[in-house]
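In my numbering, the protein residues as written are 1 to 381.
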Ligand code: B12
Ligand code: SF4
Ligand code: SF4
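Written out as structure tokens, the structure is:
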């Protein structure tokens, strides 16, 4: 039976060919910097996305769930940066990592690698993770795939933070191939300052329920007003804490197939007029393939409001009468921001037909704020 060392070498060669970075480490109990229990309790995101206290033992030591685990292969998939291609029309921004289904691609590659390992080592147990119940950044740190940035992400020389992480647990003892690295942020705090919502509450710690990535991609309810404002022109995802990072500039290794995706800038008119068929055609094969067209439209309404572009009023107005109350709420807010005088007239029509108390409350709040603002202006003179 071939030695595990030769298998690791084979996996390393294969990973290189597949455009992945690989480091290997023995399994051990992790010692997270902040008490993980406390970090998880403060998150305020649904357990479906994050984890709860009951997941703690398995997160800290994968052997609690996979008693056979002895080694971990940690992989990084670099993803390419989308070119800025802004036209004259009002557009929303789509984060780089959405340029294609990078997570799906990584998972596929890891499944291929697993099959390759098993073919040479049939008795080996192996389990692939991409976004699974495993502390991917911490394992990446332990194995030496990269080091922690204050934006909480893992960075490596040559790619910066534009890498996605995946792992294969194996039932064989392994020797480490890399070494944990100290953070190289030094005195820099650019990402903390650039975060629009203050979600990076402390260096290395992100509060998920303030993060725009969470709100634009994972949260499918009514967006809090403060978050709508902070979204600016973000349609899907947020990369502010990565774009600003000096380690993310001019990275020769941020390679991969050129994204064939919807592009960095997406016209709002196109988003708002899109039907299900077009949505499936454009977004299938991209990170938000599982997301709904309504999520795109909700976000597009918010971005339209933030643009304050008068030409978008007519485009937004029909959504104030949409059968889906989620879109009605955001359309009202958007109309108000684009042109509050015109919006008031629409609100009057809506009051006659609307029965949903949440929608009526939205109108009331917006108008109250308007009166307050007017009083402030008057008081200022
Ligand atoms: C839930 C989740 C989110 C949530 C919460 C993110 C967060 N930072 O908490 C939301 C939806 C907001 C999110 C957003 C994004 N995510 Co996300 N996310 C995850 C997921 C599924 C779980 C992460 C988690 O909750 N870990 C638990 C927390 C408690 O762990 P932690 O953040 O490591 O916390 C530790 C540090 O704070 C550390 N610490 C504390 N003090 C100190 C001090 C020092 C000196 C150091 C070094 C460390 C340190 O100790 C804490 C406890 O161990 C992982 C996949 C996975 N399975 O790991 C992907 C993952 C972290 N996400 C990823 C990505 C790419 C993103 C986005 C960039 C998406 C985008 N828009 O492009 C944004 C980035 C936002 C950001 N700055 O973090 C990648 C990160 C890749 C990388 N290069 O690191 C991962 C690993 C997915 C993957 N398979 O690649 N994500
Ligand atoms: S992704 Fe955006 S909102 Fe989230 S931590 Fe980074 S800059 Fe802040
Ligand atoms: S912007 Fe500065 S502080 Fe933030 S991750 Fe990059 S180097 Fe570190």
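We treat Cβ as the ideally placed atom computed from N, Cα and C, and that holds for glycine.
Just so we're clear, the structure is a prediction, and the values are computed from it rather than from any experiment.
Please confirm whether any heavy atom of ligand 3 lies closer than 7 Å to the CB of residue 238.
-> Position 238 of the chain shown holds residue 238. Result no, Cβ not under 7 Å from ligand 3.
Closer than 6 Å to ligand 3: residues, by C-beta to nearest heavy atom, in chain order | 149, 150, 151, 185, 188, 189, 190, 191, 244, 245, 246, 247
Pick from 132, 314, 110, 271: whose alpha carbon is nearest that of residue 11?
-> To locate residue 11, count along the chain shown from 1; it is residue 11. Looking at the Cα atoms, 110 is the closest of the given residues.
To the nearest whole angstrom, what separates the beta carbons of residue 394 and residue 169, a pair I think is in contact under 8 Å?
-> The structure shown has nothing for residue 394, since the chain only spans 1 to 381.
8 Å Cβ cutoff met for residue 93 and residue 298 | On the chain shown, residue 93 is found 93 positions in, with the first residue counted as 1. On the chain shown, residue 298 is found 298 positions in, with the first residue counted as 1. For residue 93 and residue 298, no; Cβs fall outside 8 Å.
Selected residue, minimal CA-CA separation from residue 125, among 176, 72, 76, 78 | Taking the chain shown and counting its residues from 1, one reaches residue 125 at position 125. Taking only the C-alpha atoms, the option nearest residue 125 is 72.
Spell out a yes or no on whether the stretch 352 to 365 and the stretch 311 to 319 are touching, meaning 3 or more CB-CB pairs, one atom from each, closer than 8 Å.
-> no
Do you know whose CA, among 328, 342, 292, lies nearest residue 313's CA?
-> Here residue 313 is taken as the residue at index 313 of the chain shown, counted from 1. The option with the nearest alpha carbon to residue 313 is 342.
Using a threshold of 8 Å, state whether the C-beta atoms of residue 26 and residue 70 are closer than that.
-> To locate residue 26, count along the chain shown from 1; it is residue 26. To locate residue 70, count along the chain shown from 1; it is residue 70. Contact flag set, yes.
Tell me whether residue 200 counts as near ligand 2, meaning its Cβ is closer than 7 Å to at least one heavy atom of that ligand.
-> By 1-based counting over the chain shown, the position of residue 200 is 200. Yes, the beta carbon of residue 200 sits closer than 7 Å to at least one heavy atom of ligand 2.
Starting from residue 265, follow the alpha helix (DSSP H) in both directions and report where the run begins and ends.
-> Here the question's residue 265 lines up with position 265 in the chain shown. Where residue 265 is concerned, there is no enclosing alpha helix (DSSP H), although the beta strand (DSSP E) it sits in stretches over 265 to 267.
Does at least one heavy atom of ligand 2 sit under 7 Å from the Cβ of residue 213?
-> Here residue 213 refers to the residue found at position 213 of the chain shown. Checking the Cβ of residue 213 against ligand 2 gives yes.
Residue 305 in three-state terms, based on DSSP = One-based indexing of the chain shown puts residue 305 at position 305. If DSSP states are grouped into helix, strand and coil, residue 305 belongs with the helices.
Is residue 181 closer than 8 Å to residue 140 when the C-beta atoms are compared?
-> On the chain shown, position 140 is the one that residue 140 refers to. On the chain shown, position 181 is the one that residue 181 refers to. Taking 8 Å as the Cβ cut-off, residue 140 and residue 181 do not qualify as a contacting pair.
Could you spell out where the alpha helix (DSSP H) holding residue 345 opens and where it closes?
-> By 1-based counting over the chain shown, the position of residue 345 is 345. Element bounds for residue 345: 340 to 353.
Reduced DSSP secondary structure (H/G/I, E/B, other) of residue 318 = Locating residue 318 in the chain shown gives position 318, where the first residue counts as 1. The answer is helix: DSSP assigns residue 318 an H, G or I state.
By how many angstroms is the C-alpha of residue 113 removed from the C-alpha of residue 268?
-> Here residue 268 corresponds to residue number 268 of the chain shown, with the count starting at 1. Here residue 113 corresponds to residue number 113 of the chain shown, with the count starting at 1. Roughly 41 Å separates the two Cα atoms.
Residue 7 - containing alpha helix (DSSP H), residue span | If you number the chain shown from 1, residue 7 lands on position 7. Counting along the chain, the alpha helix (DSSP H) containing residue 7 begins and ends at 4 to 17.
Separation of residue 129 from residue 146, as counted between CA atoms | Stepping through the chain shown from its first residue, residue 146 is reached at position 146. Stepping through the chain shown from its first residue, residue 129 is reached at position 129. Going from the Cα of residue 146 to the Cα of residue 129 covers about 18 Å.
At a cut-off of 7 Å, is residue 241 close to ligand 1 when judged by its beta-carbon and the heavy atoms of the ligand?
-> Residue numbering aside, residue 241 sits at position 241 when the chain shown is read from its first letter. Under cutoff, so the answer is yes.
Quick one: measure Cβ to Cβ for residue 165 and residue 136, integer angstroms, because I've assumed they're closer than 8 Å.
-> Translated into the one-based positions of the chain shown, residue 165 becomes position 165. Translated into the one-based positions of the chain shown, residue 136 becomes position 136. About 4 Å separates the two Cβ atoms, so the contact holds.
For residue 224, which of helix, strand or coil comes out of DSSP?
-> Indexing the chain shown from 1 puts residue 224 at position 224. Reduced to three states, the DSSP call for residue 224 is coil.
Simplified DSSP assignment, three categories, for residue 244 = As a working note, residue 244 is residue 244 in the chain shown. Of the three classes helix, strand and coil, the one that applies to residue 244 here is coil, per DSSP.
Within its chain, find whatever has a CB closer than 7 Å to the CB of residue 7; leave out the 5 residues flanking it on each side and keep chain order.
-> Mapped onto the chain shown, residue 7 falls at position 7. Within the same chain, residue 7 has close Cβ partners 117, 120, 121.
In terms of DSSP beta bridges, what is residue 22 paired with?
-> Locating residue 22 in the chain shown gives position 22, counting from the first residue. Beta-bridge pairing links residue 22 to 75.
Heavy atom of ligand 2 less than 7 Å from the Cβ of residue 194, yes or no?
-> Start at 1 with the first residue of the chain shown, and residue 194 comes out as number 194. Answer for residue 194: yes, Cβ within range of ligand 2.
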